[in-house]
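The structure appears right after this line, and notes come after that.
This is the structure in structure tokens:
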């Protein structure tokens, strides 16, 4: 089979069968891409995770584009990305149409009142997991940034773009500063 | 024009969010509210639906918002917007990967970004909590409302289930059932 078509179908399958976003996709990508198709090695998968995390945008898209490109160049990247997006797109479009019809039903309204409470719990869990990653390093600097970005976005309504750029630059300068201090210390 | 605004808004969200779908909530909310595309409650519903349908959260939310604002064309435009920055950046990195991975500058930037993402998810938590518990604004009288305590209890129960690693879809279904029961029971 044509490799590009195969990439498209593989990533369509990954897109159609993973719930809960990018992190849930990584094991599936690994299974399909390394074990079944043997397009990439295990080392590549850990690279993909590292890159997807440190670049902006949805992790799933980052991973699909990267695997597609490594396997079959630009066209491969297009096919893999299209494949991973298509199931979501079709399913959500359909649900969105149906939802408009059903929203006037009282039971549906009540169900969503309950569901909103559940979303809060899911956000709390995501928050805890991300916090745990940061906490490992035990740097007061990290806690300061958490507090700063929380206050800026939640209470001062500062555009998230500026918060991201600001915190990124701050992290860069801080690490440069620390490195200088360390090298001074060893002199 | 709405389509162009939609495209630019999601292009911006795609280019400036790190760490997956939840970090995007605060940003989607800011964009959608300033343009009047969605209410806070609709956004929370979309998060729930995005979580209970397959595929990347971010793509699901973009499709939802696009579909709601401008139909199928809007959905295509919003999804394209959120994908494009990732796609271009990854293509560039895939070409010169070795240098990127070992770059200390990237490490430094990430040391600032990761905690920033935690703060932004925290902000999303606060705004969703406001929408869930105080739908008609924060006030003292809200605390005397029975539904406030019902939903607070439900959120606490859902949190316990989430931390015990129950699958999000099960938690959402469970909460939907409780919501229907509470709604009819309390005559909301």
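Chains as they are written, first to last, in the working numbering: chain A, 364 to 550; chain B, 690 to 877. All residues carry an ideal CB built from backbone N, CA and C; glycine is no exception. It should be emphasised that the depicted structure is a prediction, and the values quoted were computed from it without experimental measurement.
| query | result |
| --- | --- |
| With DSSP run on the structure shown, which of helix, strand or coil describes residue 419(A)? | coil |
| With a threshold of 16 other CB atoms inside 10 Å of the CB of residue 535(A), please say whether the residue is buried or exposed. | buried |
| Can you tell me whether residue 548(A) is buried or exposed, with buried defined as 16 or more other CB within 10 angstroms of its CB? | In this prediction, residue 548(A) scores a pLDDT of 49, lower than 50, which makes its location untrustworthy; no coordinate-derived value is stated. |
| Given that residue 524(A) touches chain B, what residues does it touch there, using C-beta distances under 7 Å? | 701 and 705 |
| At least one CB of chain A closer than 8 Å to the CB of residue 696(B): is that the case? | no |
| Taking the alpha-carbon positions, what's the residue 808(B) to residue 441(A) distance? | 33 Å |
| So is residue 479(A) buried or exposed if we call it buried at 16+ other beta carbons inside 10 Å? | buried |
| If the criterion is Cβ atoms closer than 8 Å, does the pair residue 771(B) and residue 421(A) meet it? | yes |
| Note down, in chain order, every chain A residue with its Cβ under 8 Å from the Cβ of residue 853(B). | The premise fails here: residue 853(B) is roughly 10 Å from chain A at the closest Cβ pair, so nothing lies under 8 Å. |
| Quick check on residue 549(A) - is its C-beta less than 8 Å from some C-beta in chain B? | Caution applies to residue 549(A), whose pLDDT of 46 falls short of 50 and renders its modelled position unreliable; the model cannot decide the point. |
| At what residue ranges does the region 759 to 837 of chain B contain a whole run of the alpha helix (DSSP H), taking only runs of 4 or more? | 786 to 791 and 793 to 822 |
| Are the CB atoms of residue 843(B) and residue 825(B) within a distance shorter than 8 Å? | no |
| Grab the span of the alpha helix (DSSP H) containing residue 736(B) for me, first residue to last. | 729 to 741 |
| Here's the rule: buried if 16 or more other CB atoms are within 10 angstroms of the residue's CB, otherwise exposed. What is residue 753(B)? | buried |
| Hey, is the region 523 to 530 of chain A in contact with the region 796 to 811 of chain B, meaning 3+ C-beta pairs nearer than 8 Å? | yes |
| Quick one, are the C-beta atoms of residue 425(A) and residue 408(A) less than 8 Å apart? | no |
| Which word fits residue 720(B), buried or exposed, when buried means at least 16 other C-beta atoms lie within 10 angstroms of its C-beta? | buried |
| With DSSP as the reference, label residue 853(B) as helix, strand or coil. | coil |
| Please compile the residues from chain B whose C-beta is within a distance smaller than 7 Å of the C-beta of residue 448(A). | 748, 768 and 772 |
| Does chain A have any CB closer than 8 Å to the CB of residue 762(B)? | no |
| Taking the alpha helix (DSSP H) that residue 490(A) falls in, what are its first and last residues? | 469 to 498 |
| Residues of chain A with CB under 7 Å from residue 738(B), in chain order? | 458 |
| Let's see if you can read the secondary structure: which residues bound the alpha helix (DSSP H) around residue 514(A)? | 503 to 517 |
| Return no unless some Cβ of chain A is closer than 8 Å to the Cβ of residue 753(B). | yes |
| Inspect the CB distances between the region 482 to 497 of chain A and the region 364 to 382 of chain A and report whether three or more fall short of 8 Å. | no |
| Between the C-alpha atoms of residue 550(A) and residue 509(A), what's the straight-line distance to the nearest angstrom? | With a pLDDT of 42 at residue 550(A), under the threshold of 50, the predicted position of this residue should be treated as unreliable, though the coordinate-derived value follows. The straight-line gap from Cα to Cα measures roughly 33 Å. |
| Hey, quick one: how far does the alpha helix (DSSP H) through residue 377(A) stretch, first residue to last? | 366 to 380 |
| According to DSSP, is residue 401(A) part of a helix, a strand, or is it coil? | coil |
| Go to residue 552(A), then tell me how far its alpha helix (DSSP H) extends in each direction, as first and last residue. | The structure shown does not extend to residue 552(A), since chain A is modelled only from 364 to 550, so the question has no answer here. |
| Name the chain B residues that come within less than 7 Å of residue 425(A), Cβ to Cβ? | 775 and 779 |
| Over what stretch of residues does the alpha helix (DSSP H) that includes residue 707(B) continue unbroken? | Neither: residue 707(B) is in no alpha helix (DSSP H) and is coded neither H nor E. |
| Can you tell me which of the three DSSP states residue 726(B) falls into? | coil |
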